[in-house]
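Each remark here refers to the structure printed beneath this line.
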Amino acid sequence: MKEKVVIYPGTFDPITNGHLSIISRALKVFDKMVIAILNNPQKVPLFSLKERTVMIRDVLKGQTKVEVDSFNGLLVDYVVKKKTNVVIRGLRALSDFEYEFQMALMNRKLNREVQSIFLMTDYKWFYTSSTIIKEAASLGGDVSGLVPAVVCRKLKEKYGYV
Ligand code: PNS
Numbered sequence: 296m297k298e299k300v301v302i303y304p305g306t307f308d309p310i311t312n313g314h315l316s317i318i319s320r321a322l323k324v325f326d327k328m329v330i331a332i333l334n335n336p337q338k339v340p341l342f343s344l345k346e347r348t349v350m351i352r353d354v355l356k357g358q359t360k361v362e363v364d365s366f367n368g369l370l371v372d373y374v375v376k377k378k379t380n381v382v383i384r385g386l387r388a389l390s391d392f393e394y395e396f397q398m399a400l401m402n403r404k405l406n407r408e409v410q411s412i413f414l415m416t417d418y419k420w421f422y423t424s425s426t427i428i429k430e431a432a433s434l435g436g437d438v439s440g441l442v443p444a445v446v447c448r449k450l451k452e453k454y455g456y457v
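For the sequence shown, the working numbering assigns the number 457 to the last residue and increments by one with no breaks.
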């Protein structure tokens, strides 16, 4: 039987434990996952594409079912290029819903073959996001437990807390 590949797109600036939870749960349903980091020249991320890629690869080393890649342009075109038709996203607090719904409907309009599926985030990560974690870290807050250790270290380096 053909293995079922799911695309997990995002900015991942940086990857959090919430993302990791979605990854491990999605792999209970799919055979393989491609983590697709958006390379958006219009946005200035805290971590470069290279840094985000290296951190994710580091955190997931030994995980043979995951490929870490990047994309630009339309997500649906990237999904087709990867020869699959499923995108997965995590859903947190209610505020995510409208944005995710809009994106899923736009992606569906652009390509009806591409299906968006959602996993409710674990309650532990309900109110965390890369953005709020960066804000806390930038002010010297302790974000260990919310991000993998390597990311925690990199955040401290970026914000000059080492
Ligand atoms: O982690 P994020 O920032 O919420 O991820 C957003 C992402 C990368 C999934 C979204 O911005 C995206 O798919 N961008 C690619 C451009 C695209 O396809 N746009 C049309 C559909 S909204």
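For glycine and all other residues, C-beta sits at the position ideal for the given N, C-alpha and C. Source: prediction; values computed, not measured.
Backbone secondary structure at residue i - three-state DSSP
{"i": "L322", "result": "coil"}
{"i": "D364", "result": "strand"}
{"i": "A388", "result": "coil"}
{"i": "Y303", "result": "strand"}
{"i": "K378", "result": "coil"}
{"i": "M524", "result": "Summary: the structure shown does not reach residue 524, with the chain confined to residues 296 through 457, and so no result is reported for it."}
Sub-8 Å separation of residue i and residue j beta-carbons
{"i": "S365", "j": "I318", "result": "no"}
{"i": "I302", "j": "V324", "result": "no"}
{"i": "N380", "j": "E362", "result": "no"}
{"i": "Q322", "j": "L369", "result": "The sequence as given places Leu at residue 322; Gln does not occur at that position. Against a cut-off of 8 Å, the Cβ pair of L369 and L322 comes out as no contact."}
{"i": "T423", "j": "G305", "result": "no"}
Beta-carbon separation (whole angstroms), residue i vs residue j, contact threshold 8 Å
{"i": "S425", "j": "D308", "result": "5 Å"}
{"i": "K451", "j": "V457", "result": "5 Å"}
{"i": "N334", "j": "N367", "result": "5 Å"}
I'd like to know if the region 338-351 and the region 297-311 are in contact, where contact means that at least 3 CB-CB pairs between them fall below 8 Å.
yes
Check whether the region 372-386 touches the region 337-348, counting contact only when three or more Cβ pairs, one atom from each stretch, lie closer than 8 Å.
Two segments are said to touch when three or more pairs of C-beta atoms, one from each, lie closer than 8 Å; by this definition the region 372-386 does not touch the region 337-348.
Flag this pair as touching only if the region 408-416 and the region 375-390 have three or more C-beta atom pairs under 8 Å; answer yes or no.
yes
As a quick check of your reading: which residues have a C-beta less than 6 Å from at least one non-hydrogen atom of ligand 1, in chain order?
P304, G305, T306, L333, L369, L370, M398, M401 and N402
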